[in-house]
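Numbering (this note's numbering), first residue to last: 588 to 742. Cβ coordinates follow ideal geometry from the N, Cα and C atoms, glycine included. Note sheet for the following structure.
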Amino acid sequence: MYSSFCFVHLFPVLILIELSYPKCTQDAPFEIVHTAERALANVVASADPELCFECLLPFTRVDIDLNDKSNPPALLSTLRTLRHLVGRVSTTSLKNELPSLLPLFRSALCHKSMDMRKATVFVLVEMQIVLGEELDLDGFTDCQKRLIDVYVERH
Numbered sequence: 588m589y590s591s592f593c594f595v596h597l598f599p600v601l602i603l604i605e606l607s608y609p610k611c612t613q614d615a616p617f618e619i620v621h622t623a624e625r626a627l628a629n630v631v632a633s634a635d636p637e638l639c640f641e642c643l644l645p646f647t648r649v650d651i652d653l654n655d656k657s658n659p660p661a662l663l664s665t666l667r668t669l670r671h672l673v674g675r676v677s678t679t680s681l682k683n684e685l686p687s688l689l690p691l692f693r694s695a696l697c698h699k700s701m702d703m704r705k706a707t708v709f710v711l712v713e714m715q716i717v718l719g720e721e722l723d724l725d726g727f728t729d730c731q732k733r734l735i736d737v738y739v740e741r742h
């Protein structure tokens, strides 16, 4: 676990992610959501990636209504942030969370919102680059797998 020195210095990160982040993305105009995502990206870029990953994971534990065209805002922002974080998180942490993340990704790829599908593809691309063959995409359609492969090749 983290030392008390590390925790004291990273406490603002915890506060930003766990308390402020969902409020900034819920029913907010695009400009506010975009600014919140950029602020979070800056914090995540300079903070401990493992701690940030742990703080973002609760926002991935949601049920997605595939018939709803709107995006669950905290989930969409989380996926966009995870895209930039995946390369900095240990492969062990990523592998440990795959059983809970992959079902979410499968659902999100079937969402009516293009933004949700796009954010999900980009997270999966980053995970594929980091984990390689260890990222088991069984349960994804052939079309989804090809889409991810195309973006991996372009990366």
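Mind reading off the beta-carbon distance from L662 to F646? Whole number of angstroms is fine, and I expect it under 8 Å. Position 75 of the sequence shown, counted from the first residue, corresponds to residue 662. Position 59 of the sequence shown, counted from the first residue, corresponds to residue 646. That pair is a contact at about 6 Å.
Own chain, CB closer than 7 Å to V739, minus 5 neighbours either side, in chain order: One-based indexing of the sequence shown puts residue 739 at position 152. Cβ within range, chain order: V712, Q715, I716.
Burial state of A632 (16 or more Cβ within 10 Å): Numbered from 1 along the sequence shown, position 45 holds the residue referred to as residue 632. Residue burial annotation: A632 is exposed, with fewer than 16 other C-beta atoms found within 10 angstroms of its C-beta.
Taking the alpha helix (DSSP H) that L662 belongs to, which residues open and close that run? Working through the sequence shown from its first residue, we reach residue 662 at position 75. Where L662 is concerned, the enclosing alpha helix (DSSP H) stretches over 660 to 672.
Residue from E637, N629, L681, A623 whose Cα sits closest to the Cα of L722: To locate residue 722, count along the sequence shown from 1; it is residue 135. Closest option to L722, Cα to Cα, is L681.
Buried or exposed by the 16-neighbour rule on C-beta atoms within 10 Å, applied to S687: Numbered from its first residue, the sequence shown carries residue 687 at position 100. A residue is called buried once 16 or more other Cβ atoms fall within 10 Å of its Cβ, and S687, having fewer, is exposed.
Helix, strand or coil: how does DSSP classify S700 here? Here residue 700 refers to the residue found at position 113 of the sequence shown. Here S700 sits in coil by DSSP.
Suppose you measure from the CA of L685 to the CA of T622; what does that come to, to the nearest Å? The residue labelled residue 685 in the question sits at position 98 within the sequence shown. The residue labelled residue 622 in the question sits at position 35 within the sequence shown. Each residue's Cα considered, the two are about 29 Å apart.
Separation of M701 from L666, as counted between CA atoms: Locating residue 666 in the sequence shown gives position 79, counting from the first residue. Locating residue 701 in the sequence shown gives position 114, counting from the first residue. If I take the Cα positions, the gap works out to 13 Å.
Please determine, among D650, G719, R733, the residue with the shortest C-alpha to C-alpha distance to G674. Position 87 of the sequence shown, counted from the start, is the residue given in the question as residue 674. Checked all of D650, G719, R733; the closest Cα to G674 is G719.
Just to confirm before moving on: does the CB-CB distance between T668 and E624 stay below 8 Å? If you number the sequence shown from 1, residue 668 lands on position 81. If you number the sequence shown from 1, residue 624 lands on position 37. Yes. Within cutoff.
Where D652 sits in the DSSP three-state scheme: As a working mapping, residue 652 is identified with position 65 in the sequence shown. Three-state result, D652: coil.
If we call anything under 8 Å between Cβ atoms a contact, is T678 one with F692? As a first step, residue 678 must be located in the sequence shown, where it is residue number 91. As a first step, residue 692 must be located in the sequence shown, where it is residue number 105. Annotated as distal: T678 and F692, with beta-carbon spacing of 8 Å or more.
Where does the unbroken alpha helix (DSSP H) through V739 begin, and where does it stop? Here the question's residue 739 lines up with position 152 in the sequence shown. Element bounds for V739: 729 to 741.
In whole angstroms, what is the alpha-carbon distance linking D736 and C730? One-based indexing of the sequence shown puts residue 736 at position 149. One-based indexing of the sequence shown puts residue 730 at position 143. For D736 and C730, the distance between alpha carbons rounds to 10 Å.
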